[in-house]
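Quick notes on the structure that follows.
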Amino acid sequence: MYNEKNDAPLRIALTKGRLEKNTIALFEEHGVDCANLRDKGRKLVFPLDFGNSIVAEVLLVKPYDVITYVEHGFCDLGIVGKDTIMEHGKSFYEVADLGFGKCRMALAAKAEYLQNPEQFYHGYGKKVIATKFENIAREFFAGKQKDIEIIKIEGSVEIAPLLGFADGIVDIVETGTTLKENGLEVLENICEISARLIVNIASMKMKNNKIDSVIKKLGL
Amino acid sequence: MKDWKTAIKDGTRDFIFGECELKRSISTRYLSLFRKWGYDEIMTPELEFLNVFSGGSIDGMVNIEDIYKLTDEKNRLLALRADCTMPIARVVASKLDHYPAPYRLCYDQKVFNASAMQIEGSQCGVELIGADDIRADIEILTLAVKSQKEFFDGKFRIELGHGKLFGVLMEEFQIDEQTALKAREFIEQKNFAAIQAMELPEAIKLLPRMFGDVSVLDSYSALVQNSRVDEILCYLRKIYDILAENGCGDSICFDLGLVHRLDYYTGIIFRGYVSGSGQTMLSGGRYDNLLVNYGRPFPAVGFGIFIEHAFDILKAASSEKSVPDYLVYYEAGCHRQALDFAEEVNGAGKTVLFFCGEAREEARCEAEKRGIRDICYITKGSRRIENV
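Protein sequences, first through last, are from chains A and B.
Residue numbering for the first sequence follows the numbering used here, starting at 8 and increasing by one per position.
Residue numbering for the second sequence follows the numbering used here, starting at 16 and increasing by one per position.
Put into structure tokens, the structure is as follows:
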């Protein structure tokens with residue numbers, strides 16, 4: 008008979024960087040000691056005690072890698088931004104909105120369009136969009152039946168409209184200050200973004216009790 | 016320009032040495048299990064007309080974007096086999112009308128899907144076509160359990176749901192199509208928060224949480240007072256009781272939130288998982304609306320096992336290349352004696368490797384390189400076995 012207790016320990020992939028601090032805060036707020044995660048040095052894998060005799064192996068990796076590890080089942084759980092999920096996600100469970108890392112995905116263009124946003128979509132001409140989020144941009148414009156050309160830019164996409172090689176950008180907007188300083192305005196919000204807890208489909212069924220108790224421990 | 020001569024495409028793989036043997040032994044064991052219960056094997060073409068997999072009168076066929084397409088000499092659209100069940104349904108509907116239903120068929124074939132992690136994958140499975148009795152569902156589920164027991168005894172689970180539950184709930188609560196679509200997406204993702212935020216009855220909001228052991232059936236039944244829902248839950252309960260009686264109860268769990276391919280599955284839906292693997296090992300269910308698409312309406316139920324997923328778990332144990340028992344060196348003109356020797360030891364279950372050359376010292380080197388223990392030197396009139 009299958010017994011969950013005999014299965015391998017839980018493995019959790021966390022996004023390093025922007026979401027890292029908030030994740031640690033969430034863990035500590037619910038009584039998970041993160042001392043070794045705060046003082047990580049060069050180590051890559053950290054044991055964290057989630058109580059109920061559940062000690063999970065925790066990895067800090069890049070956003071897209073969280074998706075890869077969870078989707079392939081190398082990790083059972085992951086914490087990653089909704090933007091990464093929308094851009095790359097395929098099949099896993101997305102069980103909780105963690106409420107931090109909040110921002111929005113938006114279409115922005117030169118401020119002059121703000122008077123009349125319709126003008127941006129007007130006509131049959133192709134619009135050039137600079138973005139790091141190719142799939143999100145493509146999906147968004149497909150819904151508007153508007154032809155676009157996507158130029159993939161890794162960082163500081165705001166430059167593209169300034170230089171005149173893009174009509175608009177699709178990007179994460181937190182306060183909008185960077186946009187304003189570069190003469191851009193949000194034309195349309197695409198969606199809200201925040202950190203999500205994702206779970207591998209097989210793990211959810213095979214390690215149900217352990218995963219459930221981690222989710223409860225985190226007050227979700 | 017890169018010529019890709021030595022590369023293989025992402026999502027495809029080479030199987031080398033012992034890997035081939037392992038892979039073949041996995042499907043062979045599954046097939047022999049299926050044959051014991053009267054399932055006859057069927058092989059369909061790798062290339063078929065696109066319409067076999069897509070279009071037609073029912074939804075739930077293969078997503079057109081996931082199909083590899085070609086054209087034939089008359090510019091008709093062809094597809095690489097994008098699903099195992101659909102060609103089998105085609106055969107049953109168009110060629111087996113002289114045989115009595117129900118049809119019990121099994122297969123071990125490749126499936127090509129452009130959006131899968133494994134774009135070329137092997138599947139081995141069964142279809143029971145022409146029977147809609149609970150016995151048919153039990154037979155297929157029992158085979159699913161048995162197939163997993165072959166390799167993963169005590170380490171697997173089969174989860175069971177029902178393809179009609181979601182639709183019944185939508186009808187009973189009169190949920191409009193748009194909302195239903197959204198709800199289904201959130202249920203499939205187990206996005207507890209997002210579905211909680213929707214304006215829906217509790218019974219629907221709680222659906223993604225309804226998974227676990229057989230007790231979820233009672234929990235859910237207590238939540239929804241509805242005769243059609245109860246009918247579905249009772250049916251699942253009945254199946255569980257029968258399986259439990261047959262000693263399969265331990266490996267069965269439930270997920271009432273299974274809502275994938277709802278326009279295809281019309282009854283039980285199930286998937287299998289194995290401890291230590293993040294992959295789905297098998298997937299199946301009842302699909303009573305498919306066969307009509309090919310001209311003969313038949314109820315049907317079946318499942319497919321993803322061979323590579325089983326392979327990945329089992330390969331750790333045996334991916335080493337097997338070493339032959341003898342290296343056979345033979346002088347020019349002694350070909351016949353060499354073959355005789357091979358025949359002799361083959362008969363005793365041993366394997367040989369013929370050395371291609373004249374130099375005896377090189378034969379010795381080759382045996383050492385390959386880790387072969389014994390060399391048989393065959394010269395005119397003599398045969399000598401030497402331990403390396």
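Where a beta carbon is used, it is the ideal one built from N, C-alpha and C, also for glycine.
No experiment lies behind these values; they were computed from the predicted model shown.
Using a Cβ cut-off of 7 Å, pull out every chain A residue sitting near alanine 208 of chain B, in sequence order please.
Looking up residue 208 of chain B in the second sequence gives position 193. Near alanine 208 of chain B (Cβ distances below 7 Å), the residues of chain A are Ala103, Asp104.
For threonine 157 of chain B, which of helix, strand or coil comes out of DSSP?
Walking along the second sequence from the start, residue 157 of chain B turns up at place 142. Three-state DSSP puts threonine 157 of chain B in a helix.
Go ahead and label asparagine 90 of chain B buried or exposed: buried means 16 or more other beta carbons lie within 10 angstroms of its beta carbon, across all protein chains shown.
Position 75 of the second sequence, counted from the start, is the residue given in the question as residue 90 of chain B. Exposed, because fewer than 16 other Cβ atoms sit within 10 Å of the Cβ of asparagine 90 of chain B.
Does the segment 310-325 of chain B come close enough to the segment 364-376 of chain B that 3 or more CB-CB pairs lie under 8 Å?
These segments do not touch.
How many Å lie between histidine 275 of chain B and isoleucine 202 of chain B at the Cα?
Counting from 1 along the second sequence, the entry for residue 275 of chain B is found at position 260. Counting from 1 along the second sequence, the entry for residue 202 of chain B is found at position 187. The straight-line gap from Cα to Cα measures roughly 10 Å.
Look up glutamine 294 of chain B in the DSSP assignment and say whether it is helix, strand or coil.
The residue given as residue 294 of chain B occupies position 279 in the second sequence. If DSSP states are grouped into helix, strand and coil, glutamine 294 of chain B belongs with coil.
For the beta strand (DSSP E) holding glutamine 193 of chain B, just list the boundary residues, first then last.
Indexing the second sequence from 1 puts residue 193 of chain B at position 178. No beta strand (DSSP E) contains glutamine 193 of chain B, which is instead part of the alpha helix (DSSP H) from 192-204.
In whole angstroms, what separates the C-alpha of isoleucine 283 of chain B from that of glycine 310 of chain B?
Taking the first residue of the second sequence as 1, we reach residue 283 of chain B at position 268. Taking the first residue of the second sequence as 1, we reach residue 310 of chain B at position 295. Cα to Cα, the separation comes out at about 23 Å.
Out of curiosity, what's the CA-to-CA distance linking proline 16 of chain A and glutamate 64 of chain A?
Residue mapping note: residue 16 of chain A aligns to position 9 of the first sequence, counting from 1. Residue mapping note: residue 64 of chain A aligns to position 57 of the first sequence, counting from 1. Going by the C-alpha atoms only, they are around 7 Å apart.
Going by beta carbon distance, what residues of the same chain come within less than 6 Å of valine 12 of chain B, once the five residues before and after it are set aside?
With chain B running from 16 to 403 in the structure shown, residue 12 of chain B is simply not present.
Can you name the residues that DSSP bridges to leucine 277 of chain B?
Along the second sequence, read from residue 1 onward, the residue named residue 277 of chain B stands at position 262. Note: leucine 277 of chain B sits in no beta bridge, so no partner.
At what residues does the beta strand (DSSP E) containing arginine 252 of chain B begin and finish?
By one-based count along the second sequence, residue 252 of chain B stands at place 237. No beta strand (DSSP E) holds arginine 252 of chain B; the alpha helix (DSSP H) holding it covers 242-260.
Taking DSSP as the reference, what is the three-state secondary structure of methionine 213 of chain B?
On the second sequence, residue 213 of chain B is found 198 positions in, with the first residue counted as 1. The answer is coil: DSSP assigns methionine 213 of chain B none of H, G, I, E or B.
Using a Cβ cut-off of 7 Å, pull out every chain B residue sitting near tyrosine 100 of chain A, in sequence order please.
In the first sequence, the residue the question calls residue 100 of chain A occupies position 93. Result: Gln204, Lys205.
If I measure Cβ to Cβ from lysine 253 of chain B and keep anything under 7 Å in the same chain, skipping five residues before and after, which residues do I get?
Here residue 253 of chain B corresponds to residue number 238 of the second sequence, with the count starting at 1. Excluding residues within five positions, the ones whose Cβ falls inside 7 Å are Ile149.
Within 7 Å (strictly less), CB to CB, does glycine 48 of chain A reach chain B?
To locate residue 48 of chain A, count along the first sequence from 1; it is residue 41. Cβ-Cβ to chain B under 7 Å: no for glycine 48 of chain A.
Does the beta-carbon of cysteine 82 of chain A have 16 or more other beta-carbons within 10 angstroms, so that it is buried, or is it exposed?
Along the first sequence, read from residue 1 onward, the residue named residue 82 of chain A stands at position 75. With 16 or more Cβ atoms within 10 Å of its Cβ, cysteine 82 of chain A is classed as buried.
Sorted by chain position, which residues of the same chain lie with C-beta nearer than 7 Å to glutamate 381 of chain B's C-beta, five sequence neighbours on each side aside?
Translated into the one-based positions of the second sequence, residue 381 of chain B becomes position 366. Excluding residues within five positions, the ones whose Cβ falls inside 7 Å are Leu342, Phe370.
Please list the terminal residues of the continuous beta strand (DSSP E) segment that includes serine 137 of chain B.
As a first step, residue 137 of chain B must be located in the second sequence, where it is residue number 122. Where serine 137 of chain B is concerned, the enclosing beta strand (DSSP E) stretches over 135-144.
Please compile the residues from chain B whose C-beta is within a distance smaller than 7 Å of the C-beta of histidine 79 of chain A.
Taking the first sequence and counting its residues from 1, the one referred to as residue 79 of chain A is at position 72. By Cβ distance, chain B contributes Gly293.
Suppose only complete runs of 4+ residues qualify. What are the alpha helix (DSSP H) ranges in the segment 170-196 of chain A, listed by chain order?
Counting whole runs of 4 or more residues, the segment 170-196 of chain A contains the alpha helix (DSSP H) stretches 184-188.
Counting only Cβ pairs nearer than 7 Å, list the residues of chain B close to asparagine 207 of chain A.
Sequence index remark: in the first sequence, residue 207 of chain A carries index 200 (1-based). Within chain B, the residues near asparagine 207 of chain A are Gly293.
Do you know offhand how far cysteine 99 of chain B's Cα is from alanine 116 of chain A's?
Within the second sequence, residue 99 of chain B is the residue found at index 84, counting from 1. Within the first sequence, residue 116 of chain A is the residue found at index 109, counting from 1. The alpha-carbon atoms of cysteine 99 of chain B and alanine 116 of chain A are separated by roughly 49 Å.
State the DSSP-derived secondary structure class of threonine 86 of chain B, mapped to helix, strand or coil.
As a first step, residue 86 of chain B must be located in the second sequence, where it is residue number 71. Residue state, collapsed to three classes: strand.
From valine 39 of chain A to proline 54 of chain A, what does the alpha carbon distance come to, in whole angstroms?
Working through the first sequence from its first residue, we reach residue 39 of chain A at position 32. Working through the first sequence from its first residue, we reach residue 54 of chain A at position 47. Taking the straight line from one Cα to the other gives about 11 Å.
Just confirm the distance between the C-beta atoms of isoleucine 390 of chain B and alanine 378 of chain B, as a whole number of angstroms; I'd bet it's less than 8 Å.
Within the second sequence, the letter at position 375 stands for residue 390 of chain B. Within the second sequence, the letter at position 363 stands for residue 378 of chain B. At roughly 6 Å, the Cβ-Cβ gap stays under 8 Å, so isoleucine 390 of chain B and alanine 378 of chain B are in contact.
Note down, in chain order, every chain A residue with its Cβ under 7 Å from the Cβ of lysine 330 of chain B.
Numbered from its first residue, the second sequence carries residue 330 of chain B at position 315. Neighbours of lysine 330 of chain B on chain A: none; closest Cβ ~16 Å, over 7 Å.
Could you check what DSSP says for leucine 105 of chain A in three-state terms: helix, strand or coil?
In the first sequence, the residue the question calls residue 105 of chain A occupies position 98. Three-state result, leucine 105 of chain A: coil.
Can you pull the chain A residues whose beta carbon is under 8 Å from the beta carbon of lysine 408 of chain B, in chain order?
This structure cannot settle anything about residue 408 of chain B, because the visible part of chain B is limited to 16 through 403.
Ends of the alpha helix (DSSP H) at glutamate 119 of chain A?
For the purposes of this step, residue 119 of chain A is taken as the residue at position 112 of the first sequence. Element bounds for glutamate 119 of chain A: n/a, residue is neither H nor E.
What does DSSP give as the partner residues of leucine 67 of chain A in its beta bridges?
Translated into positions along the first sequence, residue 67 of chain A becomes position 60. In DSSP, leucine 67 of chain A forms a bridge with A/Leu21.
Kindly list, in the order they appear in chain B, the residues whose Cβ is closer than 9 Å to that of alanine 15 of chain A.
Locating residue 15 of chain A in the first sequence gives position 8, where the first residue counts as 1. Chain B residues near alanine 15 of chain A: Ser290, Gly291.
Quick one: any contact between the segment 290-306 of chain B and the segment 244-260 of chain B, if contact means 3 or more CB pairs under 8 Å?
Not touching, per the Cβ criterion.
Nearest by alpha-carbon distance to glutamate 214 of chain B: which of B/Tyr45, B/Ala159, B/Arg388, B/Ala198 is it?
Here residue 214 of chain B is taken as the residue at index 199 of the second sequence, counted from 1. Out of B/Tyr45, B/Ala159, B/Arg388, B/Ala198, B/Ala198 has the C-alpha closest to the C-alpha of glutamate 214 of chain B.
Provide the residue(s) that pair with serine 397 of chain B in DSSP beta bridges, ordered along the chain.
Locating residue 397 of chain B in the second sequence gives position 382, where the first residue counts as 1. Looking at the DSSP assignment, serine 397 of chain B forms a beta bridge with B/Thr394.
Please check the pair valine 316 of chain B and alanine 151 of chain B, which I expect to be a contact at CB under 8 Å, by giving their CB distance rounded to whole angstroms.
Here the question's residue 316 of chain B lines up with position 301 in the second sequence. Here the question's residue 151 of chain B lines up with position 136 in the second sequence. Between alanine 151 of chain B and valine 316 of chain B the Cβ distance is about 5 Å, and since that is below 8 Å, they are a contact.
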